[in-house]
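Taken in order, the sequence shown gives residues -12 to 288; the numbers are from my numbering. Even for Gly, the Cβ is constructed at its ideal location relative to N, Cα and C. Contents: one structure, followed by commentary.
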Amino acid sequence: MAKLHIYKKVGNTWTKIANGDGTVSTDESFTVAISSGSVTSGNTYDIRQGQSVTGDLCNCTAVNGKNATFSAAADAVDSYERDAARQSLANFYSALDAVSKAVTILVDLDDLATLKTNNYAMCFAKKVASGGDSGSYNVVWQSLTKYVYSTAFSWTPQFSLFGTNVFADTVTVTATTNARALGLGQQCLLDQNGILQPPATGGPATGVSMLNQFSLIHPALSQISTLNGVQQTTPLYVAPQGMVQGTVTLTPIDTVMVWFQQDIATSTMFSSARSNYTEIDLTMTNTATRLYKGGQWSTPS
């Protein structure tokens, strides 16, 4: 027999409520001689052996004096695992929220009417550095035509890496390799067959890297963003210069450009400067608001 410690879930915490001696079985009922504390028939407990920090979930089926009978709780195990998975997912999204960035764009009502009448889209782009450069904008990350007085745009550091055969002004980004979801500080190998392999840890912690063993390719990056409550993963950057075999790192910078333009769609590449734009630097903050009024950008007080 072994020294057993019996825990009961109170709220979201497992709390020790009894000790005893016995041998846990997951195949048949077993008896524990309770040495301290107490248990109740009909409840589910986590029974841990010795100094173990985890145990087996068991239903208490009977209590006779100081002897308690238990059986493995299959349904409870499933529930426990689901609870653990839900908690892990909640922790993941909580961590993402902590590093999310958000901008709010306000448009004066007179300007709003003029822009809508003349079919202007509200456009967003994000700065990305390639190799050793200081960063640039070259893809319309989001283009929105159904904007109103207040537009909310946010993003989290969740990326997809892929390759494309061309960078060309006014052309829509088209992936020619498969894409791989990855995070900062990870890298993917583009093998000799042109297949982008799963990500692995490597490269600078502030960027994502492609190790190219294929041939000439333009590394490209997509990122998850949320525009007025709708989440999408769309391209935000294509390296203007194709790379031959070797390694390149793309470094996303939390600075976005916002402007209005006619006849331009999400994922369109551009190489010339945008007119009458505002640049919003969120590298040292998580939120910002800008106002477009009288054809000019400002930060509202």
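- Contact between threonine 151 and valine 225 is confirmed by a C-beta separation of about 6 Å, below the 8 Å threshold.
- Beta-bridge partners assigned by DSSP to glycine 9: Ala(-11), Val19.
- DSSP places lysine 103 inside the alpha helix (DSSP H), whose first and last residues are 96 to 104.
- For secondary structure counted as the beta strand (DSSP E) over 3 or more consecutive residues, the stretch 197 to 264 holds these complete runs in sequence order: 205 to 214, 217 to 225, 233 to 249.
- The beta-carbon separation of proline 186 and glutamine 210, rounded to 15 Å, does not stay under the 8 Å limit for a contact.
- Under DSSP, valine 50 takes part in a beta bridge, and its partners are Ala55.
- Only residues of its own chain outside the window of five on either side were considered, and among them Met244 have a CB closer than 6 Å to the CB of glutamate 266, listed in chain order.
- DSSP places isoleucine 34 in the uninterrupted beta strand (DSSP E) bounded by 31 to 36.
- DSSP places alanine 139 in the strand class (E or B) of the three-state scheme.
- Going by DSSP, alanine 162 is part of no beta strand (DSSP E) at all; its letter is neither H nor E.
- Setting aside the 5 residues that flank it on each side, glycine 42 is surrounded in the same chain by Asp33, Ile34, Arg35, each with a C-beta closer than 6 Å to its C-beta; the list follows chain order.
- Rounded to the nearest angstrom, the gap between the Cα atoms of alanine 260 and leucine 177 is 32 Å.
- Here alanine 55 is not near isoleucine 4, since their CB atoms are 8 Å or more apart.
- In the structure shown, the three-state DSSP call for alanine 61 is helix.
- Below 8 Å, too few C-beta pairs join the stretch 44 to 59 and the stretch 90 to 107 to call them touching: fewer than three.
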